[in-house]
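Residue numbers (mature numbering (1 follows the signal peptide of the UniProt record, and there is no 0)): -23 to -1, 1 to 482.
Below, the structure is given as structure tokens:
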């Protein structure tokens, strides 16, 4: 090879090598590492910084907020907002009712602490510019739901996230986005830091005095939903997928933590071609005036169970194939268009909302030949359209109409306000499915929010908060006390940080 060619190749190689980017390993020293920047993680980071500690906040996604961006309100009782409304529920009444309705399958100490501290938690959040008002979500619920006032569109929790992120920035919290924690650093049985990697492939070895896990549990990993939650992920789907794959739980287990019981924040809903989320037609799936049947053509519950959305999700899930059908008629359509919804979907679709676009939604679903919505002129024809036994469905509808005529439901004791016969010329069927906003649980913690081993001993330096924590609710999420998960997220994040800082002294 002649000299000019060699020189040219060397120059080209030098240029190419100069443009190669090599992954770097960054060493960081801090007081506190928080894994996850949802409401639990941000609350922990802000509280830790307010107590004078240097904080690093790691977030797997390229944005903060997680599930909390779309949450609506937080649980609190006996707050200043309750006082101004004259709400009579006391902290003791709330605690006793919660424990009883959860059949005592919860941690009594942390729930007691949460109920007692819930009002102060709202006040702390309000001190960071977050505005609240108290609303009752459905007729079955107590006035514990402190919704975010400064929200935009469907992103109610974004108002809270915005306030906490601004506070974190002002306090100097080092927030690293798109930088998931991948492992815990341990020394002599104590957690002393975190290994994280960013989108460029850079590694961060972060040495700290404590770590708080707040990564939102595991609900977006279908295999873990099956293995840990014992649910069929095909019939029990995450409705708010934001990359919650159980990272914190897995890391903690590697460090010796026990995996604890899990629950889900379930809800009912529908899906299918031509059906838009939160459209008027979608909202019909949440209405108590419908007749619910399974794929055998049998009625299976009091349809006003929709007022307790987690229980409704259970009722649908246990049906054959994990689905059902909500049957209604043209009279139901007129009712919803003119009088409005009997049951709301949070504050996104309040009670009384008039479904003025329902007929257009029906046309769109039919035009799309939707697999989730069917129309017919007779019960037999509807049975064929939704593939259920015609004879059974005809008997079910006839029996239900008789129940409505008598205004008494001997089978399921449905509230007579919602007993409306199916007598219209047009009949409709809307598919019912079960979903969940998030998994709830994974790690067992003590009253100080320290993560525990299988021997119920705390792992020094390791804490957990929010949806990561087991035994805060029983098998079914308690939607009769609206906002439990959202409220506990910020409460536990703050108190995990307080306890971690106290242990540093």
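For each residue, glycine too, the CB sits at the ideal point set by N, CA and C.
| Item | Value |
| --- | --- |
| Inter-residue Cα distance where the pair is residue 273 and residue 245 | 19 Å |
| Contact the region 16 to 33 vs the region 182 to 192: 3+ CB pairs below 8 Å | yes |
| Continuous alpha helix (DSSP H) assignments of at least 4 residues falling wholly in the region 224 to 302 | 224 to 231, 257 to 261, 286 to 294 |
| Three CB pairs or more closer than 8 Å across the region 192 to 212 and the region 223 to 230 | yes |
| Residue(s) in a DSSP beta bridge with residue 213 | 411 |
| Candidates 419, 3, 451, 439, of which the one nearest residue 179 by Cα | 3 |
| Residue 41 beta carbon less than 8 Å from that of residue 183 | no |
| Between the CA atoms of residue 305 and residue 402 - distance to the nearest angstrom | 11 Å |
| Residues sharing a beta bridge with residue 162, DSSP | 170 |
| Residue -23, DSSP secondary structure in three states | With a pLDDT of 49 at residue -23, under the threshold of 50, the modelled position of that residue is not reliable, and the figure given next carries that caveat. Coil, per DSSP. |
| Cβ distance (whole Å) where residue 45 is taken to contact residue 413 below 8 Å | Contact flag wrong, Cβ pair sits at about 16 Å. |
| Beta-carbon proximity check, residue 89 vs residue 72, cutoff 8 Å | yes |
| Cross-strand partners of residue 122 (DSSP beta bridge) | 52, 112 |
| Residue 350: first and last residue of the uninterrupted alpha helix (DSSP H) it sits in | Here residue 350 belongs to no alpha helix (DSSP H); instead the beta strand (DSSP E) covers 350 to 353. |
| Proximity of residue 122 and residue 460 at Cβ, strictly below 8 Å | yes |
| Residue 181 Cβ short of 7 Å to the ligand SAM heavy atom set | Of ligands this structure carries none, so the ligand SAM is not represented either. |
| Outcome for residue 354 when other beta-carbon atoms lying within 10 angstroms are tallied against a minimum of 16 | exposed |
| Delimiting residues of the alpha helix (DSSP H) encompassing residue 308 | 307 to 315 |
| Where the alpha helix (DSSP H) containing residue 199 begins and where it ends | 199 to 204 |
| Uninterrupted beta strand (DSSP E) stretches inside the region 382 to 464 (no shorter than 3 residues) | 404 to 420, 427 to 429, 435 to 441 |
| Chain-order list of residues whose beta-carbon lies under 6 Å from that of residue 140 (same chain, five-residue window excluded) | 105, 106, 107 |
| DSSP three-state assignment for residue 326, whether helix, strand or coil | strand |
| With 16 other Cβ atoms within 10 Å as the buried cut-off, status of residue 112 | buried |
| Nearest-angstrom Cα separation, counted from residue 14 out to residue 142 | 9 Å |
| Residues that residue 3 bridges to, as DSSP identifies them | 181 |
| Residue 174 versus residue 290: straight-line alpha-carbon distance, rounded | 37 Å |
| Own chain, CB closer than 6 Å to residue 367, minus 5 neighbours either side, in chain order | 357, 360 |
| N- and C-terminal bounds of the alpha helix (DSSP H) containing residue 338 | 335 to 344 |
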